[in-house]
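A.B. asks: In the working numbering, the protein residues as written are 101 to 538.
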């Protein structure tokens, strides 16, 4: 039987469809503004809340939760990746992490009043689980597609994910816009939408689990060691070992920088639109919905651009556009129309920059250690990163200006672009192949 099958690739695509509902409905749209509302309801007269005795601007609480969730991913995700590589039940790891995240997302239905702390805890559980599941999911890519097909397979996965997230968002938009007609409050419509992301995630994960198959363990546990010790030892080895692949390490540093900012923009844009521009949630939903469907064509379009040039040049072009978009948000976005224009530009470059980054990284990692290396990659992938949201939150708390907070993210795009220019992908591929044959 061939190592690669179209059926398994199609099943793999569907997990992007399943988890993208969480990314769009929870992270990109509803939870940021809603959790900010809950925090404001619990705030003192000066607009501050005090979780665990720490004085926090209620408007910055969401960005801090995003940051904290990814700090925890730094600890959890490499362990999950190493466990997946050592075992022969990678599919079971995917199921466990996916359903823990889906359960936490579904529980958001019960958030109301001033339960901002509970909301933050549920988000942290869901987002860490989300990132962990994508570590395992991404590690299947080298197993289900040969090197020459990985750009296309990765891009299709992202594109289908955008459509899946968009379909759920469209359904939630219909619910929100018709809330009064069916006799529920706007807050109830938001709660139903948040809970629906968990249900969607759990239901559409089933075809993926049915289709994907476990392979033999990439590595055996060394004799005389238990699984936990082997995993921790492997983590130390990975950190040391990645220095043997300088192009891989350089690309990873570039990716951690620019993707940090990408994820921050996606997670915080709805809060900016709602709180700074006073755009109603119904119109914000339309903007995020547009992003999902335009993002599908953007992912496919950048795949063609990569085929005509190469993936690295296509990513570099996307980073230039990201940088210009942040300047536009800072200087010119004043109305709902302006916000929609910015969202459309983001949609075009979002899918291409992320899908091509995943496929490039897959070319630069040693065979048999995919989950381990993708766990490091995933620390700054879809689950959102910690440094940019932290910088955004601090800038907002100090300056009280959303525009300055948005502009502060530009340094990450510029730094990522500069580092990416130093990456030689072909040399990196040769280094990995030489190591495998040694």
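Built from N, CA and C at the ideal position, the CB exists for glycine as well.
How about residue 279 and residue 289: do their beta carbons lie closer than 8 Å?
C.D. replies: Yes, these two residues count as a Cβ contact at 8 Å.
A.B. asks: For residue 154, does the three-state DSSP call read helix, strand or coil?
C.D. replies: If DSSP states are grouped into helix, strand and coil, residue 154 belongs with coil.
A.B. asks: Under the DSSP definition of a beta bridge, which residues are partnered with residue 149?
C.D. replies: For residue 149, which the question treats as bridged, DSSP gives the partners 156.
A.B. asks: Ends of the alpha helix (DSSP H) at residue 222?
C.D. replies: 216–239 is the extent of the alpha helix (DSSP H) around residue 222.
A.B. asks: Looking at residue 391 and residue 424, is the spacing between their C-beta atoms short of 8 Å?
C.D. replies: Not a contact, by the Cβ cut-off of 8 Å.
A.B. asks: Expressed to the nearest angstrom, what Euclidean distance is found between the alpha-carbon atoms of residue 176 and residue 282?
C.D. replies: C-alpha separation (whole angstroms): 42 Å.
A.B. asks: Alpha carbons only, please: which of 199, 342, 456 is nearest the one belonging to residue 232?
C.D. replies: Nearest C-alpha to residue 232: 199.
A.B. asks: To the nearest angstrom, report how far apart residue 125 and residue 160 are at their CA atoms.
C.D. replies: C-alpha separation (whole angstroms): 20 Å.
A.B. asks: In chain order, what are the residue ranges of uninterrupted alpha helix (DSSP H) at least 4 long that sit wholly in the segment 359–425?
C.D. replies: For the segment 359–425, whole alpha helix (DSSP H) runs of length 4 or above, ordered along the chain, are 381–408.
A.B. asks: On a CA-only basis, which of 118, 534, 526, 450 is nearest residue 308? Give me that one, please.
C.D. replies: Residue 308 has its Cα closest to that of 118, out of 118, 534, 526, 450.
A.B. asks: Closest by CA to residue 403, which one among 106, 459, 514, 172?
C.D. replies: Here the closest residue by C-alpha is 459.
A.B. asks: Out of curiosity, what's the CA-to-CA distance linking residue 227 and residue 521?
C.D. replies: If I take the Cα positions, the gap works out to 31 Å.
A.B. asks: For residue 205, collect the residues of the same chain with a Cβ closer than 8 Å to its Cβ; drop the 5 residues on either side in sequence, then sort them by chain order.
C.D. replies: Only 122, 126, 222, 226, 294, 295, 297, 298, 301 meet the Cβ criterion.
A.B. asks: Tell me the DSSP secondary structure of residue 526 in three-state form.
C.D. replies: Note: residue 526 maps to helix in three-state DSSP.
A.B. asks: Using DSSP with H/G/I as helix, E/B as strand and the rest coil, what is residue 343?
C.D. replies: Helix, per DSSP.
A.B. asks: Can you give me the Cβ contacts of residue 523 inside the same chain, cut-off strictly under 7 Å, excluding the 5 residues immediately before and after it?
C.D. replies: Same-chain partners within the cutoff: 347, 350, 351, 354, 412.
A.B. asks: Can you tell which of 219, 143, 474 has its C-alpha closest to the C-alpha of residue 339?
C.D. replies: Considering only alpha carbons, the answer is 474.
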